[in-house]
Amino acid sequence: MVHSTLPRIAALVDDYLLIWVLLSVGIGFALPSIAVLTPLSTLILAVMIGSVSLTLAPDRFRELRRQTLVTILIVQTGMPLLAFGIAQGLGLSPALTAGFVVLGAVTPELVTPTMTELSGGDTVLATVVLLVVGFGTLMLVPGVVTLFLGGSVAVDPTIIITQLTLAVVLPMSLAVAARSQWPDRIGAHDEIYSSIAGLMVILIIGIVTAANASLVRDSGTVLLLVIVGALVLNSGGYVAGWLVSRKFTRGERIAATLSVGMRDFAVAAALLVGAGFPTSATLPAVVFGIVEMTTSAGLAKWFRRQS
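Structure below.
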C-alpha cells in the first residue's frame, strides 16, 4: 500500500510544483508567524540537497565536461554588471543598487540543483557550478563591490563557507557515499527523491516569504521598480545561460540556464546586513528570492513537458 501511494504523492508534488510554490508564497504573506520556522532553513536546505544527491552515482561526476563548467563560470561573472546596469536604468537609490550588485555577484541559489533535477537537467553540473562559484564568491564579491560601490560592502567568508558546508557539501557527500555503498537499495527509490526535494522548496519559499512579508508590504511605490529589476535580472540570467549553452546537451543546457538565472538571495541579504546597510538594501534580494522560486518552478514544468 505504501509503495503504491508514494509515487502518486510524488507525482502530485512534481506535476503541480508551480501551483504549490505560488500557494506557499500566498500563505507566507497571509501568515507571517510562519517565520518562526526560519532557524530550520539550513536543515531544510540540507534535506533538499541530500535528497537530490541520492540520485547521483559517483560515475556521473567523472563524466562532467570541463568545457561546460568553464563556460557557465565565465557567464556567471557578468551577472553583477547586468545587475548594476538594471539598478542604474531604473534610477534606484545607492542602497538598492548595492542590493542588486551583491545579488548578481553571489553564488547560484542553493535550490538550483533541485530545480535542475526537477527539470530533467544535469544535476551534477548544477551542483559542481554551485560549489565552485560559491567559493569563487569570496573573491568576486569584494572585486565587483569595489568596482561598482567603492568597497562599501564587507564580505564575511564564514557566512558563505558555513552555508555551503552545512547545506551543500556535507549532505551531498553523505548522499553520494550512500549511493556508492548501496546502489541497488538507494536506487530502488529514485522516483521519489526529487519530489522530497520539491517539497523542501515549497517549505523554504513559504518561510522566506513570511520572514520578509513586512519588508515587502512597507516598501511603497519603490517595490514595483524592484520587482521589475528582479524579473529582468532573473530572466536575463536564464536567457544568457540558455544562449551560451546552445552547443551543450539538453541536460547541460538546463543546468546552465538555471545556474546563471538563479542567485542566492539569502547570502546576498546577509552580506548587506553585515555591512551595515539599511534594511531597504535587502529588498532586491527578498523580492528576487520570491521571483526566482516562482519562475524556476514554471521553467521546471515547461522543461519536463518538452522532454
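1002 is the number of the first residue of the sequence shown in this note's numbering; add one for each residue after it. Just so it is clear, CB atoms sit at the ideal spot from N, CA and C, and this is done for glycine as well. Note that the structure is a prediction, hence the values are computed from the model and not measured.
Residue j and residue i - do their beta-carbons sit closer together than 9 Å?
{"i": "Arg1264", "j": "Gly1238", "result": "yes"}
{"i": "Val1217", "j": "Phe1030", "result": "yes"}
{"i": "Gly1121", "j": "Gly1027", "result": "no"}
{"i": "Gly1144", "j": "Leu1165", "result": "no"}
{"i": "Ile1162", "j": "Leu1132", "result": "no"}
{"i": "Ala1176", "j": "Leu1300", "result": "no"}
{"i": "Ala1257", "j": "Thr1072", "result": "yes"}
{"i": "Leu1204", "j": "Ile1010", "result": "no"}
{"i": "Leu1150", "j": "Phe1289", "result": "no"}
{"i": "Asp1123", "j": "Thr1117", "result": "yes"}
{"i": "Ala1096", "j": "Pro1279", "result": "yes"}
{"i": "Ala1099", "j": "Leu1244", "result": "no"}
{"i": "Ser1260", "j": "Thr1113", "result": "yes"}
{"i": "Ile1208", "j": "Ala1036", "result": "yes"}
{"i": "Leu1070", "j": "Leu1126", "result": "yes"}
{"i": "Gly1309", "j": "Leu1226", "result": "Missing from the structure shown is residue 1309; the chain here goes from 1002 to 1308 and no further."}
{"i": "Leu1377", "j": "Thr1250", "result": "Any property of residue 1377 remains undetermined from this structure, which presents the chain solely from 1002 to 1308."}
{"i": "Ala1270", "j": "Val1202", "result": "no"}
Mapping the DSSP letters down to three states, classify residue i as helix, strand or coil.
{"i": "Leu1055", "result": "coil"}
{"i": "Val1003", "result": "Confidence at Val1003 is low in this model, with a pLDDT of 45, below 50, so the placement of that residue should be treated as unreliable; the coordinate-derived value is given next. Residue state, collapsed to three classes: helix."}
{"i": "Ser1260", "result": "helix"}
{"i": "Gly1121", "result": "coil"}
{"i": "Val1071", "result": "helix"}
{"i": "Ser1094", "result": "coil"}
{"i": "Thr1250", "result": "coil"}
{"i": "Thr1078", "result": "coil"}
{"i": "Phe1278", "result": "coil"}
{"i": "Asp1060", "result": "helix"}
{"i": "Leu1065", "result": "coil"}
{"i": "Ala1011", "result": "helix"}
Over the uninterrupted alpha helix (DSSP H) stretch that includes residue i, give me the two end residues.
{"i": "Lys1302", "result": "Leu1284 to Gln1307"}
{"i": "Trp1243", "result": "Val1223 to Val1245"}
{"i": "Asp1185", "result": "Pro1184 to Gly1188"}
{"i": "Val1134", "result": "Thr1124 to Leu1150"}
{"i": "Val1112", "result": "No alpha helix (DSSP H) contains Val1112, which DSSP labels as neither H nor E."}
{"i": "Glu1192", "result": "Asp1191 to Ala1212"}
{"i": "Val1274", "result": "Phe1266 to Gly1275"}
{"i": "Ser1220", "result": "Premise fails: Ser1220 is in no alpha helix (DSSP H) and is neither H nor E."}
{"i": "Pro1158", "result": "Pro1158 to Leu1165"}
{"i": "Ala1031", "result": "Leu1018 to Ala1031"}
Let's test the definition: count the other Cβ atoms within 10 Å of the Cβ of residue i and tell me whether it reaches 16, buried, or not, exposed.
{"i": "Pro973", "result": "No information on residue 973 is available, as it lies outside the stretch 1002 to 1308 that the chain covers here."}
{"i": "Trp1021", "result": "buried"}
{"i": "Ile1075", "result": "exposed"}
{"i": "Phe1062", "result": "exposed"}
{"i": "Leu1041", "result": "exposed"}
{"i": "Ser1052", "result": "buried"}
{"i": "Val1230", "result": "Here the sequence assigns Gly to residue 1230, which means Val is not the residue at that position. Gly1230 should be labelled buried."}
{"i": "Leu1032", "result": "exposed"}
{"i": "Arg1306", "result": "exposed"}
{"i": "Leu1018", "result": "buried"}
{"i": "Arg1180", "result": "buried"}
{"i": "Gly1199", "result": "buried"}
{"i": "Val1240", "result": "exposed"}
{"i": "Gly1262", "result": "buried"}
{"i": "Glu1192", "result": "exposed"}
{"i": "Gln1077", "result": "buried"}
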